[in-house]
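Visitor: Our numbering puts the first residue of the sequence shown at 165, with every later residue one more than the last. Note that beta-carbon positions come from the ideal geometry of N, C-alpha and C, so glycine has one too.
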Amino acid sequence: MGLKDKIEKQKESFVKAIGRLEDALKEEKNEFVRDSVVCRFEFSFKLGWKLMKMVLNYLGREDCNSPRESIIISAQVKLIDNPEKWLDYLEVRNLSVHMYSENTAEEVYKLAGEFVEDARKLERVAEERLS
């Protein structure tokens with residue numbers, strides 16, 4: 165399987181994860197739904213930065229091994245247009261993965277809707293770059 169095929173599989177997983185996050189966000193908010201949104205955000209973010217990394221590799225950039233590097237380089241090559249927001253997503257994702265708190269869960273829930281919009285943009289731009 166070539167790199168382009170691997171990227172397509174990664175993109176498909178990312179798109180499905182974003183869809184599941186959108187579904188959770190449509191539900192009436194309660195503690196269970198909020199925690200579901202947090203988990204789906206964490207998973208979607210991970211798939212998103214890995215998609216960035218794979219597309220960057222496809223474009224000849226081998227210098228992106230971490231989420232932070234992938235975000236910064238993605239902005240440089242116009243894969244994303246708002247690295248500050250993506251770095252915010254990274255920060256809250258790291259907080260939510262390593263330590264549970266009600267405040268962090270609420271923050272992730274609030275950011276999740278914005279993340280979906282940015283993730284959909286990433287999906288479209290990645291598709292254009294691979295064409």
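Can you tell me whether L167 is buried or exposed? The criterion is at least 16 other CB atoms within 10 Å of its CB, across all chains shown.
Guide: The residue is exposed, with fewer than 16 neighbouring Cβ atoms inside 10 Å.
Visitor: Would you mind reading off the limits of the alpha helix (DSSP H) that contains V219?
Guide: Here the alpha helix (DSSP H) through V219 covers 195-222.
Visitor: Note down the Cα distance separating E162 from L254, rounded to an integer number of angstroms.
Guide: Residue 162 lies beyond the residue range present for the chain, which begins at 165 and ends at 295; the question has no answer from this structure.
Visitor: Closer than 8 Å by C-beta to A269: which residues in its own chain qualify, once you throw out the five before and the five after it? Chain order, please.
Guide: Answer for A269: R198, D199, V202, S260, listed in chain order.
Visitor: Tell me the residue span of the alpha helix (DSSP H) that contains L167.
Guide: Segment 167-190, the alpha helix (DSSP H) holding L167.
Visitor: Taking V241 as part of the alpha helix (DSSP H), name the residues at either end of that continuous run.
Guide: Premise fails: V241 is in no alpha helix (DSSP H) and is neither H nor E.
Visitor: Which residue's Cα is closest to the Cα of S208: V179, M165, N194, Y264?
Guide: The candidate whose alpha carbon is nearest that of S208 is V179.
Visitor: Heavy atom of the ligand SAM less than 7 Å from the Cβ of E186, yes or no?
Guide: As far as ligands go, the structure on display features none, and thus does not contain the ligand SAM.
Visitor: Which stretch, first to last residue, makes up the alpha helix (DSSP H) that contains D227?
Guide: It is not in any alpha helix (DSSP H) - D227 carries neither H nor E in the DSSP assignment.
Visitor: Please work out which residues of its chain come closer than 8 Å, Cβ to Cβ, to E278, disregarding the five sequence neighbours upstream and downstream, and give them in chain order.
Guide: Excluding positions up to five away in sequence, the list reads K249.
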